[in-house]
Amino acid sequence: MTKLLIAAALALSVVACARGENGNIGGNSEAERAYGKNFYQPNPGMAAVYIIRDDPSQNPTPLSFIMGQQPVGSLSGLTWTRLDLKPSLYDFRAYGSEGSSTELIITTNAGQSRFFLIEAKPPGNAELQEISQAEGRRLVRKSQAVGNYLPVEPQ
Numbered sequence: 776m777t778k779l780l781i782a783a784a785l786a787l788s789v790v791a792c793a794r795g796e797n798g799n800i801g802g803n804s805e806a807e808r809a810y811g812k813n814f815y816q817p818n819p820g821m822a823a824v825y826i827i828r829d830d831p832s833q834n835p836t837p838l839s840f841i842m843g844q845q846p847v848g849s850l851s852g853l854t855w856t857r858l859d860l861k862p863s864l865y866d867f868r869a870y871g872s873e874g875s876s877t878e879l880i881i882t883t884n885a886g887q888s889r890f891f892l893i894e895a896k897p898p899g900n901a902e903l904q905e906i907s908q909a910e911g912r913r914l915v916r917k918s919q920a921v922g923n924y925l926p927v928e929p930q
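Structure below.
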């Protein structure tokens, strides 16, 4: 009986040690292992959209972006901002000192995190492009946050 209790206790200890923070046996999910366990999560019922400006050493001019017809923000230097968006269709455009070079239409889903890089494009234009979760999280971690993170209503 004692051996059986010891064996059961050892088995439970092994299972408890093998569980990750998410409660699954075998550790965290592949996504958590790849991106790290401590990252900003979307607010309930919302999507988190990150706009990131990487190293602007070639062109330090601030780059602005709008959603629909509403100005949303401007980034310069190694910075990022986060928009908490309700699930919907959104129309984004980036602007440099001379104008815009692209329009980006996205659909967001609740619980989703998406990452977009804003870059200067000659001559004086700007461009938004979606980047991977891994690259987006890497850039967010190395840069500084700007903005207010308020929920934004669809246009």
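Quick note on the numbering used here: the sequence shown kicks off at 776 and runs consecutively. For each residue, glycine too, the CB sits at the ideal point set by N, CA and C.
Quick check on DSSP: helix, strand or coil for residue 917? Three-state DSSP puts residue 917 in a helix.
Residue 892 to residue 863, Cα distance in whole Å? 20 Å
Assign residue 848 to one of three DSSP states: helix, strand, or coil. strand
State whether the region 897-908 contacts the region 843-857, with contact taken as three or more CB pairs (one from each stretch) at a distance under 8 Å. no
Residue range of the beta strand (DSSP E) that residue 856 falls in? Taken as a continuous stretch (DSSP letters only), the beta strand (DSSP E) holding residue 856 covers 854-860.
With a CB to CB cut of under 7 Å and the five nearest residues on each side skipped, what residues in its chain are close to residue 860? 821, 822, 824, 883, 927
Going by the beta-carbon positions, is the gap between residue 838 and residue 920 smaller than 7 Å? no
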